[in-house]
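**Q** The structure follows.
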Amino acid sequence: MTSQPTAPTDQPAPAAGPLTSRPATRLSPRRPWLVGALFLAGGAQLITISALLSVDPLAVTWWSVLLAVAPAPLAAVAAFAPAALARAAAAALAVVLIAGIVGGILHTGLLFLPALVVLVLGGRALWRERA
């Protein structure tokens, strides 16, 4: 059985499905900074959790529990939520990071300083969006 070659047609290609027909959305200038804060806070949070569970663990104090639980979820909300909710999450995250850094300055608190710096830069862009 042989197949005959077919001639090209001038018909347009079928329309794309509903998943590919979304309009392109413009990313906010705050998003890369807040995603960076998410990665930095998440990394420092994992280090704090590891220090709490290590052979020579940290004392379970208010700052160690705060830094082991709160930063990554708050940073995720600040990075991916709508602007109104992201502003509140960014402010709460800044308070958590400052309190944790002050409380744990001799242990793992300073590991959160880069996340705080990147959060401040992203937060500035977040508050400028409002204007």
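One point on numbering: in the working numbering, the residue at position 57 of the sequence shown is 68, and numbering is uninterrupted.
In this text, a Cβ means the ideal position worked out from N, Cα and C, and glycines have one as well.
Mind reading off the beta-carbon distance from L122 to A55? Whole number of angstroms is fine, and I expect it under 8 Å.
**A** Going by Cβ atoms, the distance from L122 to A55 rounds to 4 Å, so yes, they are a contact pair.
**Q** Round the Cβ separation of A101 and G53 to the nearest angstrom and send it over; I've been treating them as touching at under 8 Å.
**A** About 15 Å separates the two Cβ atoms, so there is no contact after all.
**Q** Exposed or buried, what is P34 when buried is set at 16 or more other beta-carbons lying within 10 Å of its beta-carbon?
**A** Only weak support exists for where P34 lies, its pLDDT of 49 falling under 50; the value from the coordinates is given anyway. Counting Cβ neighbours within 10 Å, P34 comes out exposed, since fewer than 16 surround it.
**Q** Alpha carbon to alpha carbon, what distance is there between V71 and V107?
**A** Approximately 16 Å, taken between the alpha carbons.
**Q** Name the residue from A126, L130, A110 whose alpha carbon lies nearest to the alpha carbon of Q73.
**A** Checking the sequence, you will find Trp at residue 73 rather than Gln. Minimum Cα distance to W73 is reached at A110.
**Q** Start and end of the alpha helix (DSSP H) containing R41?
**A** Taken as a continuous stretch (DSSP letters only), R41 belongs to no alpha helix (DSSP H), as it is neither H nor E.
**Q** Starting from S75, trace the alpha helix (DSSP H) in both directions and tell me its first and last residue.
**A** S75 -> alpha helix (DSSP H) spans 73-80.
**Q** So, helix, strand or coil for P125, using DSSP?
**A** If DSSP states are grouped into helix, strand and coil, P125 belongs with the helices.
**Q** Thinking just about the alpha-carbon of each residue, which of L45, R41, V46, L51 is nearest to the one in P125?
**A** For P125, the nearest C-alpha among the options comes from L51.
**Q** Whose CA, out of R42, E140, R139, lies closest to the CA of A86?
**A** Comparing Cα-Cα distances from A86 to each of R42, E140, R139, the minimum goes to R42.
**Q** Looking only at its own chain, which residues have a Cβ that is under 6 Å from the Cβ of A90, when we skip the five neighbours before and after it?
**A** Around A90: L45, V46, L49.
**Q** Going by CA-CA distance only, name the one from S65, D67, L78 that's closest to I116.
**A** The candidate whose alpha carbon is nearest that of I116 is L78.
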